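Have a look at the structure below, then the notes.
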Amino acid sequence: MANDYEYLSKENISQYLKSKSVFNNLIDADNIVEFNEVGDGNLNLVFILKDSKGKGVVLKQALPYVRLVGPDWPMTPSRARIESETTIIHSKFAKDLVPEIYDFDEERFIIAMEDLSDHRVWRGALNEGLRYEGVAKPLGEYVAKTAFGTSVFGLGHDKHKQEVARAINPELCLITEDLVFTEPYFDNGRNSVLETNKKDAEDLANDKDMVREIGLLKYKFMTSAESLIHGDLHTGSVMIKGNDKEQAISVKAIDCEFAFYGPLGFDLGALIANYTIAAARARALGNVEQMKWLLSLAEQTWEGFESTIRKLWPTRVDKRVFNDEVFENLIKTWKSDAQGYAGAKMARRIVGLAKTSDIETLEPNLREGAARAVLQMARLSTKERDLGKSWKNIAQQFETIIEKTVTK
Ligand code: SR1
Ligand code: MG
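At position 370 of the sequence shown (counting the first as 1) the number is 364 in this note's numbering, and the numbers step up by one without a gap.
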């Protein structure tokens, strides 16, 4: 694959817009008055462009390497194709919950999409202590609709098989296999923690029950082809638009370049992990009510997920042996997976490469306790995933851990 394609820049962007008719009615390429590079993720260039009449588009270009590290870590830019195709497929099932895709340039790996600059990244709002209602539940609905729609229940045998093959994403899956499931337990030189958290990281890696569960979860991640999952559904992959009552009026799941056919509980776990990390931050900053609210979001997401997938279940394409008893078993499995993956995703953000601003922007004396709390919650969540606990019970247990570690 050619990796010598031209990168977008302020100098060449008008020319690029003029070269494609899809932009004719979207933006005036001769009157671009705003050009902002806003890529704050780990991988890509992201430009928000606006013309003098206020019309805007977003151009997202995949670099042939991991932006976080630089050209020393090559990475397929075909991830942009995966993101574009997945967003379009997900929009068939959850149109309002993803951005509109206008174009994909397969030579320069550029996705043109809806301008969401009237939205903001949810993680940033949470870090500021804002409490938008109406985000966690729609995200559960998004997981349910997209997971059901792309599963054997939604697609049937032939289409599901074709889709599993089309959507393979081995390079990005390997990032997750390494960073989420392996390196927190077997350091590959990319881990880092505060000196005062070294013992916590060692306790995690030496926790045999945890490592066994992580192994089982990694195996499932590598072999289960349930649904076309988002693959990186953290709070930085969610954009929200709120009203002045801190009620979300629009929620969008973005950045699905890690998408592939995998276990749907991975997406639920990613959300829950990031709510929990945000809760540790809130308490470290003394905001008890915000912590409690954040810990209640897992239940909201799960309720959005479960109620939606229950409604979809009667529409499954083949009802012969996929009976209601099967569904109740699946619900239990998905909950166990969600809790297991939540713990895996919490631990990786503390110990491994690519951490979260929630914790990293805390002063070291606050970060220490927050990081310790997250690691302890991670181990509890993953190891006790099959105990059939209620979400309220889990939230209560997390709160107890946070209170003990963050405020000691
Ligand atoms: C090298 S990419 C690091 C991380 O950024 C993405 O958001 C994924 O979570 C990935 O693991
Ligand atoms: Mg991302």
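We put the CB at the ideal spot given by N, CA and C, even for glycine.
For clarity, every value in this text was computed on a predicted model and none was experimentally measured.
Local conformation of residue 222 per DSSP, three classes: Translated into the one-based positions of the sequence shown, residue 222 becomes position 228. DSSP places residue 222 in strand when its eight states are reduced to three.
Considering only C-alpha positions, which residue in the set 279, 136, 68 is nearest to residue 360? The sequence position of residue 360 within the sequence shown is 366, counting from 1. Taking only the C-alpha atoms, the option nearest residue 360 is 279.
So residue 263 and residue 336 are in contact, right, with Cβ under 8 Å, and what is the actual spacing, rounded? As a first step, residue 263 is located in the sequence shown; it is residue number 269 there, counting from the start. As a first step, residue 336 is located in the sequence shown; it is residue number 342 there, counting from the start. Correct: roughly 4 Å between the Cβ atoms.
Determine, using beta carbons only, whether residue 365 and residue 174 come nearer to each other than 8 Å. By one-based count along the sequence shown, residue 365 stands at place 371. By one-based count along the sequence shown, residue 174 stands at place 180. No, Cβ-Cβ distance for residue 365 and residue 174 is not below 8 Å.
Please classify residue 109: does DSSP put it in a helix, a strand, or coil? As a working note, residue 109 is residue 115 in the sequence shown. Reduced to three states, the DSSP call for residue 109 is coil.
Nearer than 7 Å: is that true of the beta carbon of residue 40 relative to any heavy atom of the ligand SR1? Stepping through the sequence shown from its first residue, residue 40 is reached at position 46. Flag unset: Cβ of residue 40 not near the ligand SR1.
Give me the Cβ distance between residue 231 and residue 203, rounded to the nearest whole Å; I'm assuming they're in contact under 8 Å. For the purposes of this step, residue 231 is taken as the residue at position 237 of the sequence shown. For the purposes of this step, residue 203 is taken as the residue at position 209 of the sequence shown. No, residue 231 and residue 203 are not in contact; Cβ-Cβ is about 30 Å, not under 8 Å.
Cβ-heavy atom distance between residue 375 and the ligand MG below 7 Å? Along the sequence shown, read from residue 1 onward, the residue named residue 375 stands at position 381. Residue 375: no, Cβ never under 7 Å from the ligand MG.
Among 290, 9, 141, 345, whose alpha-carbon lies nearest the alpha-carbon of residue 393? Residue numbering aside, residue 393 sits at position 399 when the sequence shown is read from its first letter. When each option's Cα is compared against that of residue 393, the closest is 290.
CB contact flag (residue 147, residue 311, <8 Å): Position 153 of the sequence shown, counted from the start, is the residue given in the question as residue 147. Position 317 of the sequence shown, counted from the start, is the residue given in the question as residue 311. Result yes, Cβ atoms of residue 147 and residue 311 sit closer than 8 Å.
Flag residue 352 as yes when its Cβ comes closer than 7 Å to any non-hydrogen atom of the ligand MG, and as no otherwise. Mapped onto the sequence shown, residue 352 falls at position 358. Incorrect: residue 352 has no Cβ contact closer than 7 Å to the ligand MG.
Using the beta-carbon count (16 or more within 10 Å), is residue 132 buried or exposed? What you label residue 132 is simply residue 138 of the sequence shown in a count that begins at 1. Buried, because 16 or more other Cβ atoms sit within 10 Å of the Cβ of residue 132.
In chain order, what residues have a CB nearer than 6 Å to some heavy atom of the ligand MG? 35, 226, 231, 249
My understanding is that residue 371 touches residue 270, with C-beta atoms under 8 Å, so please give their C-beta distance in whole angstroms. For this step, residue 371 is matched to residue 377 along the sequence shown. For this step, residue 270 is matched to residue 276 along the sequence shown. Yes, residue 371 and residue 270 are in contact; Cβ-Cβ is about 6 Å, under 8 Å.
From this set, 102, 346, 284, which residue's C-alpha is nearest residue 7's C-alpha? Numbered from its first residue, the sequence shown carries residue 7 at position 13. The option with the nearest alpha carbon to residue 7 is 102.
Examine the ligand SR1 and report whether any of its heavy atoms sits within less than 7 Å of the Cβ of residue 215. Here residue 215 refers to the residue found at position 221 when the sequence shown is read from its first residue. It does not: the Cβ of residue 215 is nowhere closer than 7 Å to a heavy atom of the ligand SR1.
Bridge-paired residues (DSSP) for residue 51: Taking the sequence shown and counting its residues from 1, the one referred to as residue 51 is at position 57. 43, 108.
What did DSSP end up calling residue 27 once you bin it into helix, strand or coil? Residue numbering aside, residue 27 sits at position 33 when the sequence shown is read from its first letter. Strand, per DSSP.
Using a threshold of 7 Å, is the CB atom of residue 57 nearer than that to any non-hydrogen atom of the ligand SR1? Within the sequence shown, residue 57 is the residue found at index 63, counting from 1. No; taking the cut-off as 7 Å, the Cβ of residue 57 has no heavy atom of the ligand SR1 nearer than that.
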